[in-house]
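So for the sequence shown, full-length UniProt numbering puts the first residue at 1; every next one is plus one.
We put the beta carbon where it would ideally sit given N, CA and C, even for glycine.
Encoded as structure tokens, the structure appears first; notes follow it.
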Amino acid sequence: MKGLTLNCLGRKDEAYEYVRRGLRNDLKSPVCWHVYGLLQRSDKKYDEAIKCYRNALKWEKENIQILRDLSLLQIQMRDLEGYKDTRYQLFMLRPTQRASWIGFAMSYHLLGDYEMANSILDAFRTNQMKGPYDYEHSELLLYQNMVLAESGQYERALQHLHKFSSQILDKLSIKETSGEYYLKLKRFKEAEAVYEDLLRRNPENVMYYEKLIEAKQLSNADEKVAFFDVYKQEFPRAIAPRRLQLSEAQAQPVFERLADDYLRHGLHKGIPPLFVDLRSLYLDQSKADTIEKLILQYIENLSSVGTFSSDASEAKQPASALLWAYYYAAQHFDYKKDTDRALLFIDAAIEHTPTLIELFIVKGRIYKHAGDPVSAYQWLEEAQAMDTADRYVNSKCARYMLRAGHVKRAEDMCAKFTREDDSTEPFVHESDSHLAGFLFPSYNEIALLPRTDKRLRCPSHREPE
1 MKGLTLNCLG
11 RKDEAYEYVR
21 RGLRNDLKSP
31 VCWHVYGLLQ
41 RSDKKYDEAI
51 KCYRNALKWE
61 KENIQILRDL
71 SLLQIQMRDL
81 EGYKDTRYQL
91 FMLRPTQRAS
101 WIGFAMSYHL
111 LGDYEMANSI
121 LDAFRTNQMK
131 GPYDYEHSEL
141 LLYQNMVLAE
151 SGQYERALQH
161 LHKFSSQILD
171 KLSIKETSGE
181 YYLKLKRFKE
191 AEAVYEDLLR
201 RNPENVMYYE
211 KLIEAKQLSN
221 ADEKVAFFDV
231 YKQEFPRAIA
241 PRRLQLSEAQ
251 AQPVFERLAD
261 DYLRHGLHKG
271 IPPLFVDLRS
281 LYLDQSKADT
291 IEKLILQYIE
301 NLSSVGTFSS
311 DASEAKQPAS
321 ALLWAYYYAA
331 QHFDYKKDTD
341 RALLFIDAAI
351 EHTPTLIELF
361 IVKGRIYKHA
371 GDPVSAYQWL
381 EEAQAMDTAD
391 RYVNSKCARY
401 MLRAGHVKRA
411 EDMCAKFTRE
421 DDSTEPFVHE
431 SDSHLAGFLF
441 PSYNEIALLP
451 RTDKRLRCPS
461 HREPE
């Protein structure tokens with residue numbers, strides 16, 4: 001036990017020494033073998049840990065805790081046959097426990113013996129479950145249903161789902177799963193009704209639209225565009241049908257009309273991630289060219305008359321619409337690797353509103369993509385100075401500092417949000433925070449720097465070979 005305690009304190013060599021001394025005193029001690037296995041497991045030596053657990057079971061065959069630990073390592077190492085045998089022993093020792101039945105069934109499920117897994121779950125449900133039915137019972141029924149579906153018995157799985165629907169508390173899962181089964185069974189009318197009902201529940205779920213298209217058996221682009229028109233009218237506040245429609249539209253006039261509507265809405269409302277939202281469309285060069293033409297038109301008209309088009313009857317847009325048009329154009333040309341035009345538009349945006357942090361971050365990113373890490377870090381540092389309490393901007397700035405070779409400054413930047421002392425490794429103490437985003441990329445970036453004594457050090461970091 002002293003060895004186990006020392007291991008928890010990080011004194012591994014002493015821990016192993018004490019455990020080995022215990023084994024030398026009594027090689028038949030299941031406790032010593034179990035603890036030795038725990039030490040091996042903590043060092044990720046899973047094969048050695050399994051050997052230790054098996055030695056412990058030689059002297060105490062019915063130790064529940066050792067069997068549980070052994071089963072966990074067997075599933076970790078994908079020893080499915082061994083896992084099945086261990087779960088069978090646990091099942092025989094504790095036949096009244098729910099975990100014993102489920103673990104035993106799961107062992108057959110993982111081996112692909114779906115019929116046996118289903119039989120075990122059926123036996124448990126009929127012989128052990130007396131009610132009242134709770135959420136665990138509901139999840140057990142859904143698990144059994146999944147086993148039936150994975151065996152390819154979709155009709156049987158659908159009947160099972162309907163039979164026990166009153167006992168399953170997750171009503172959303174019932175609808176989603178039944179819709180999937182209807183599609184598998186090619187019962188498209190029933191599937192269509194299910195997904196239409198689901199869309200009324202959540203009109204922003206992309207998967208529901210995709211499944212409904214499959215249920216309606218729509219194949220060409222024009223049919224899909226018309227399909228989304230229906231749901232745009234039914235759910236006027238939903239974004240998903242508008243965005244999905246852009247992906248499906250192929251004809252140039254149709255896409256231009258839809259993109260015009262989508263861009264105007266995003267720029268009017270001032271949605272910062274608008275470019276990220278539309279970036280996947282750039283895989284189609286014609287769509288990228290259409291978006292570029294529209295954005296440049298908006299900038300020209302907003303600058304001169306304050307509207308998206310030159311139509312005098314159109315309502316005036318807020319001043320922020322021009323700002324977000326500049327912001328989008330900068331990201332657009334940065335994506336196209338047209339650095340000069342990207343800088344032109346981001347400078348115009350900064351001149352328009354010099355207090356918006358996002359503009360400085362984008363300008364730093366443009367310089368980074370252009371291969372100038374020093375200028376990139378300087379603009380990120382300026383963004384960080386505008387809001388020193390923003391963890392995201394601080395972490396981003398630290399990473400840009402690393403690229404520019406300013407390792408000590410990056411450390412100091414991350415030290416602002418640690419809870420420990422101001423040591424040379426401040427970020428190590430708070431690995432569960434935003435600093436994880438700084439910590440892991442940092443070593444790759446530092447590896448590119450010249451070798452100096454100021455390189456960041458971490459127990460798990462090794463010098464590049």
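Taking Cβ to Cβ, would you say Leu183 is nearer than 8 Å to Glu214? In this structure, Glu214 lies closer than 8 Å to Leu183 by Cβ.
Enumerate in chain order the residues of its own chain whose CB-to-CB distance from Glu150 is below 7 Å, with the five nearest sequence positions on each side excluded. Tyr114
Alpha carbon of Arg399 to alpha carbon of His406, nearest angstrom: Using only the alpha carbons, I get a separation of about 10 Å.
Closest residue to Glu196 among Phe235, Asp347, Asp170, Lys58 (Cα-Cα distance): Phe235
In terms of residues, what are the limits of the alpha helix (DSSP H) holding His332? 319-335
Contiguous alpha helix (DSSP H) assignments of at least 4 residues, all confined to the region 187-270: Along the length of the region 187-270, whole alpha helix (DSSP H) runs at least 4 residues long occupy 188-201, 206-216, 221-234, 240-248, 252-269, reported in chain order.
Would the C-beta of Met386 count as close to the ligand ATP, meaning under 7 Å from any of its heavy atoms? In terms of ligand content, the structure shown is empty, and the ligand ATP therefore cannot be addressed.
Specify whether the region 347-355 and the region 323-332 touch according to this definition: at least 3 beta carbon pairs, one from each stretch, less than 8 Å apart. yes
For Ile75 and Leu93, which I take to be in contact (beta-carbon distance under 8 Å), what is that distance rounded to the nearest angstrom? With a Cβ gap of about 18 Å, Ile75 and Leu93 do not count as contacting.
Identify whether Leu169 lies in helix, strand or coil by the three-state DSSP scheme. coil
Rounding to the nearest angstrom, what Cα-Cα distance links Gln89 and His160 in this structure? 30 Å
Report all residues from its chain with a CB closer than 6 Å to the CB of Ser165; omit the five preceding and five following residues, and keep chain order. Residues of the same chain with a CB within less than 6 Å of the CB of Ser165, apart from the 5 flanking positions on each side, are Ile174 in chain order.
Exposure label - Asp334; buried when at least 16 CB within 10 Å: Looking at its Cβ environment, which holds 16 or more other Cβ atoms inside 10 Å, Asp334 is buried.
Where Pro95 falls: helix, strand or coil (DSSP): coil
Close Cβ partners of Leu294 (< 8 Å) along its chain, the five nearest in sequence each way excluded: Glu256, Ala259, Asp260, Leu263
Take the Cβ of Gly270 as the centre, count every other Cβ of all protein chains shown within 10 Å, and call the residue buried at 16 or more, exposed below. Exposed.
Are the beta-carbon atoms belonging to Gln167 and Tyr133 less than 8 Å from one another? yes
Can you tell me which of the three DSSP states Thr307 falls into? coil
Beta-carbon contacts of Lys216 that lie in its chain and below 8 Å, excluding the five residues immediately before and after: Phe188, Glu192, Phe227
Closest Cα partner of Glu60 within the set Pro30, Lys44, Ala49, Asp43: Of Pro30, Lys44, Ala49, Asp43, the residue nearest in Cα terms is Pro30.
Taking the straight line between their C-alpha atoms, what separation do you get for Lys232 and Leu199? 12 Å
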